[in-house]
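According to the UniProt record's numbering, the sequence shown is numbered sequentially starting from 1. Heads up, the beta-carbon is just placed ideally off N, CA and C, and yes, glycines get one too. Because the structure is a prediction, the values reported are computed rather than measured.
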Amino acid sequence: MSEEPESDTKQGGVAAVERAIAILNAFHAGDSSLTLNELARRTKMYKSTILRLLTTLVQEHCIVRLDDGSYQLGSMLLHWGGLYQSALKLDDHVPPILRRLVQETEEGASFFTREGNHRVCLFRVDSPRSIRDHIRTGDLVPLDKGAAGRVLTAFDPTVTPPSRTPEQPYIITVGEREPDIAAIAAPVFGPQKNLRGALALSGPAARFSVELLPSMSARLLAAAADLTRRLGGDASIFDSWHAKTRPAALGETTRG
Numbered sequence: 001m002s003e004e005p006e007s008d009t010k011q012g013g014v015a016a017v018e019r020a021i022a023i024l025n026a027f028h029a030g031d032s033s034l035t036l037n038e039l040a041r042r043t044k045m046y047k048s049t050i051l052r053l054l055t056t057l058v059q060e061h062c063i064v065r066l067d068d069g070s071y072q073l074g075s076m077l078l079h080w081g082g083l084y085q086s087a088l089k090l091d092d093h094v095p096p097i098l099r100r101l102v103q104e105t106e107e108g109a110s111f112f113t114r115e116g117n118h119r120v121c122l123f124r125v126d127s128p129r130s131i132r133d134h135i136r137t138g139d140l141v142p143l144d145k146g147a148a149g150r151v152l153t154a155f156d157p158t159v160t161p162p163s164r165t166p167e168q169p170y171i172i173t174v175g176e177r178e179p180d181i182a183a184i185a186a187p188v189f190g191p192q193k194n195l196r197g198a199l200a201l202s203g204p205a206a207r208f209s210v211e212l213l214p215s216m217s218a219r220l221l222a223a224a225a226d227l228t229r230r231l232g233g234d235a236s237i238f239d240s241w242h243a244k245t246r247p248a249a250l251g252e253t254t255r256g
């Protein structure tokens with residue numbers, strides 16, 4: 001095992017800080033605690049270096065040393081996570097994503113959240129085309145009508161058991177909310193895989209053709225992954241979906 005010299009940093013960073021972060025990043029989902037040997041294996045650092053950094057991390061409550069000599073993440077990380085979530089505002093992140101989607105697809109883009117048996121449009125950017133889907137910010141739509149509503153139901157573990165979550169990462173509907181209107185929607189997640197909302201493209205059904213849907217769905221999924229990252233979620237879930245989704249697949253389609 002080789003150790004980088006103290007002066008070796010990435011893009012002008014500080015080596016000690018980078019190594020401390022590497023220790024924190026060594027903890028994965030499902031790890032209750034890690035031994036010194038496991039930390040050394042995962043970080044590829046000398047144990048002496050890890051112990052030196054752990055001393056400070058323990059003092060700052062970023063790491064806790066257990067009675068058996070192993071280590072687990074400390075309460076300071078939870079404190080920082082709370083600060084991050086309280087400072088996180090949807091209106092800082094959603095509108096830029098919607099504008100990008102409209103520029104790429106020329107269809108209307110919306111972000112919905114659930115409100116009881118309805119979904120509410122929190123953000124909307126209209127299509128530049130004269131013939132388009134007419135939905136406004138603040139509109140309430142029944143949850144069982146349209147792609148976004150179905151996403152908010154299908155990917156909510158309090159409504160749909162994880163075992164029944166769709167294998168496809170998006171849902172398409174045609175004519176459910178309005179005749180001749182089609183929509184494609186994908187979920188957006190926050191920390192702990194909490195469903196934050198649904199990102200949707202909508203417009204005349206004639207423009208949601210079999211030829212255009214693969215490109216449209218790819219752009220939608222990229223936007224949903226980007227927004228998930230911005231909201232503190234784990235976007236790797238979209239990577240696993242991509243691996244399971246055939247290019248020709250068009251998601252779950254429902255016709256009214």
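Does DSSP put residue i in a helix, in a strand, or in coil?
{"i": "H93", "result": "helix"}
{"i": "E104", "result": "helix"}
{"i": "D239", "result": "helix"}
{"i": "A109", "result": "strand"}
{"i": "V188", "result": "strand"}
{"i": "E38", "result": "helix"}
{"i": "G81", "result": "helix"}
{"i": "V14", "result": "coil"}
{"i": "Q168", "result": "coil"}
{"i": "R65", "result": "strand"}
{"i": "R99", "result": "helix"}
{"i": "A29", "result": "coil"}
{"i": "R19", "result": "helix"}
{"i": "R177", "result": "coil"}
State the CB to CB distance for the pair residue i and residue j, rounded to an integer number of angstroms; the pair is presumed to be in contact (CB under 8 Å).
{"i": "A198", "j": "A148", "result": "4 Å"}
{"i": "V188", "j": "R196", "result": "5 Å"}
{"i": "S33", "j": "Q72", "result": "4 Å"}
{"i": "C121", "j": "T137", "result": "6 Å"}
{"i": "S127", "j": "V102", "result": "6 Å"}
{"i": "A235", "j": "T228", "result": "5 Å"}
{"i": "L231", "j": "G190", "result": "5 Å"}
Measuring CB to CB, does residue i end up less than 9 Å from residue j?
{"i": "E107", "j": "L24", "result": "no"}
{"i": "F208", "j": "L221", "result": "no"}
{"i": "T35", "j": "R19", "result": "no"}
{"i": "I131", "j": "P214", "result": "no"}
{"i": "V64", "j": "L98", "result": "no"}
{"i": "L143", "j": "H118", "result": "yes"}
{"i": "T165", "j": "G146", "result": "no"}
{"i": "D180", "j": "A206", "result": "yes"}
{"i": "G69", "j": "H61", "result": "no"}
{"i": "A182", "j": "F112", "result": "no"}
{"i": "A16", "j": "L53", "result": "yes"}
{"i": "L90", "j": "F123", "result": "yes"}
Would you call residue i buried or exposed, if buried means 16 or more other Cβ atoms sit within 10 Å of its Cβ?
{"i": "D133", "result": "buried"}
{"i": "V151", "result": "buried"}
{"i": "A154", "result": "buried"}
{"i": "Y170", "result": "buried"}
{"i": "T158", "result": "exposed"}
{"i": "R114", "result": "buried"}
{"i": "S48", "result": "exposed"}
{"i": "G30", "result": "exposed"}
{"i": "G233", "result": "buried"}
{"i": "I135", "result": "buried"}
{"i": "L57", "result": "buried"}
{"i": "E6", "result": "For E6, the pLDDT reaches just 45, beneath the cut-off of 50, and the residue's location in the model is therefore unreliable, although a value from the coordinates is still provided. The residue in question, E6, is exposed, as its Cβ has fewer than 16 Cβ neighbours within 10 Å."}
{"i": "I50", "result": "buried"}
>> So within the segment 119 to 159, which uninterrupted alpha helix (DSSP H) runs reach at least 4 residues, ignoring any that extend past its ends?
In response: Entirely contained in the segment 119 to 159, the alpha helix (DSSP H) runs reaching 4 residues are, in chain order, 147 to 154.
>> In chain order, what are the residue ranges of uninterrupted alpha helix (DSSP H) at least 4 long that sit wholly in the segment 197 to 243?
In response: Taking only runs of at least 4 residues, the alpha helix (DSSP H) segments lying wholly in the segment 197 to 243 are 213 to 230.
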